[in-house]
Amino acid sequence: TREKALALIREVGVVPIVRTPSHEDAFRAAEAIIEGGIGIAEITMTVPNALRVMERVAEEFGDKVLLGAGTILDPESCRAALLAGAEFIVTPSLDTRVIEMARRYSKPCIPGALTPTEVVAAWGAGADLVKIFPCGPVGGPEYIKALKGPLPHIEFVPTGGVSLESTPAFIKAGATAVAVGGELVDTKALREGKLEVITSKARQFVEAVRAARATLGK
Numbered sequence: 003t004r005e006k007a008l009a010l011i012r013e014v015g016v017v018p019i020v021r022t023p024s025h026e027d028a029f030r031a032a033e034a035i036i037e038g039g040i041g042i043a044e045i046t047m048t049v050p051n052a053l054r055v056m057e058r059v060a061e062e063f064g065d066k067v068l069l070g071a072g073t074i075l076d077p078e079s080c081r082a083a084l085l086a087g088a089e090f091i092v093t094p095s096l097d098t099r100v101i102e103m104a105r106r107y108s109k110p111c112i113p114g115a116l117t118p119t120e121v122v123a124a125w126g127a128g129a130d131l132v133k134i135f136p137c138g139p140v141g142g143p144e145y146i147k148a149l150k151g152p153l154p155h156i157e158f159v160p161t162g163g164v165s166l167e168s169t170p171a172f173i174k175a176g177a178t179a180v181a182v183g184g185e186l187v188d189t190k191a192l193r194e195g196k197l198e199v200i201t202s203k204a205r206q207f208v209e210a211v212r213a214a215r216a217t218l219g220k
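This is the structure we're talking about:
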């Protein structure tokens, strides 16, 4: 259910972004992430045969993974991803039609926004969480903290420029979760077949979130 999906994202606090040059790499990355204790994987539409990867991950791992579709740019792609097994939708920008499509299927939508105006528009359009992208270049954790001041009721998922080192600062600044791409899904490790590198990184990210929350008393 929608609420269950959101509860898992909030609990784990890490959304791994799988953006790889091949569909085989994407599947292996998802496998390594799940092995590392993160039962969430966002497959981006830029992966070759992305929908097939989603179907395969859904078939292979079933309830072990909350499968997301990323880089969704229009309602048609949104519907296709949901039919391929995606349980949540992520966009790089704000298109209210995509939010409406996800709502129609009772799935969470995490649209991308950057400015306070875009953030409020996304929330008003029914976003479940708001992806702040690209967060790194505009100040990282400081930017999340600044947004949280006037908008404490909105839940943020910073994306872009999130590293293992910066994760605690993002959580302490008020982020609900962090979305992590290349810092977790190491394409070099994938190419060399060193899946344990990704599995180990996944564990480290989960621990970084947990430790940061512990200092906040959450």
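Each residue of the sequence shown is one higher than the one before, starting from 3 at the first, in our numbering.
Note that CB positions come from ideal geometry on N, CA and C, so glycine has one too.
Keep in mind the model is a prediction, meaning the values are calculated, not measured.
Near the ligand HEM: residue i beta-carbon under 7 Å from a heavy atom
{"i": "A216", "result": "Among the components of this structure there are no ligands whatsoever, and the ligand HEM is therefore not found."}
Cβ-based burial, residue i [other Cβ within 10 Å; buried from 16]
{"i": "D65", "result": "exposed"}
{"i": "L85", "result": "exposed"}
{"i": "D97", "result": "buried"}
{"i": "D76", "result": "exposed"}
{"i": "E157", "result": "buried"}
{"i": "G128", "result": "exposed"}
{"i": "P23", "result": "exposed"}
{"i": "L116", "result": "buried"}
{"i": "G176", "result": "buried"}
{"i": "T169", "result": "buried"}
{"i": "E30", "result": "At residue 30 the sequence reads Arg, which differs from the Glu that was named. By the 10 Å Cβ count, R30 comes out buried."}
{"i": "P139", "result": "exposed"}
{"i": "T48", "result": "exposed"}
{"i": "G114", "result": "buried"}
{"i": "P152", "result": "exposed"}
{"i": "G184", "result": "exposed"}
Sequence-distant residues of its chain with Cβ nearer than 7 Å to residue i (five each side left out)
{"i": "C80", "result": "I74, I91, V100, M103, A104"}
{"i": "D130", "result": "L8, P110, C111, I112"}
Residue i - partner residues in DSSP beta bridges
{"i": "I45", "result": "V20, A71"}
{"i": "I91", "result": "A71, C111"}
{"i": "V180", "result": "V16"}
Sequence-distant residues of the same chain with beta carbon closer than 8 Å to residue i, five excluded per side
{"i": "K109", "result": "R4, A7, L84, A88, E89, F90, I91"}
{"i": "A204", "result": "V16, P18, A34, I35, E37, G38, G39, I40, L186"}
6 Å CB neighbourhood of residue i in its chain, flanking five on each side removed
{"i": "T275", "result": "Missing from the structure shown is residue 275; the chain here goes from 3 to 220 and no further."}
{"i": "E44", "result": "V17, I19, G70, G72, V92"}
{"i": "A214", "result": "P170, I173, K174"}
{"i": "K150", "result": "G176"}
{"i": "D27", "result": "L192"}
Cutoff 8 Å: residue i Cβ touching any chain C Cβ
{"i": "P143", "result": "In the structure shown, chain C does not exist; there is a single protein chain."}
(message) Please give me, in chain order, every unbroken run of the alpha helix (DSSP H) with length at least 4 that falls completely inside the stretch 110-170.
(response) 118-126, 143-150
(request) Pair every Cβ in the stretch 121-136 with every Cβ in the stretch 30-43, then say whether three or more of these pairs are closer than 8 Å. (result) The stretch 121-136 makes no contact with the stretch 30-43: fewer than 3 CB pairs, one atom from each, lie closer than 8 Å.
(message) Quick test of the definition: if touching needs 3 or more C-beta pairs under 8 Å, does the stretch 202-219 touch the stretch 52-60?
(response) no
(request) Check whether the stretch 143-153 touches the stretch 187-201, counting contact only when three or more Cβ pairs, one atom from each stretch, lie closer than 8 Å. (result) no
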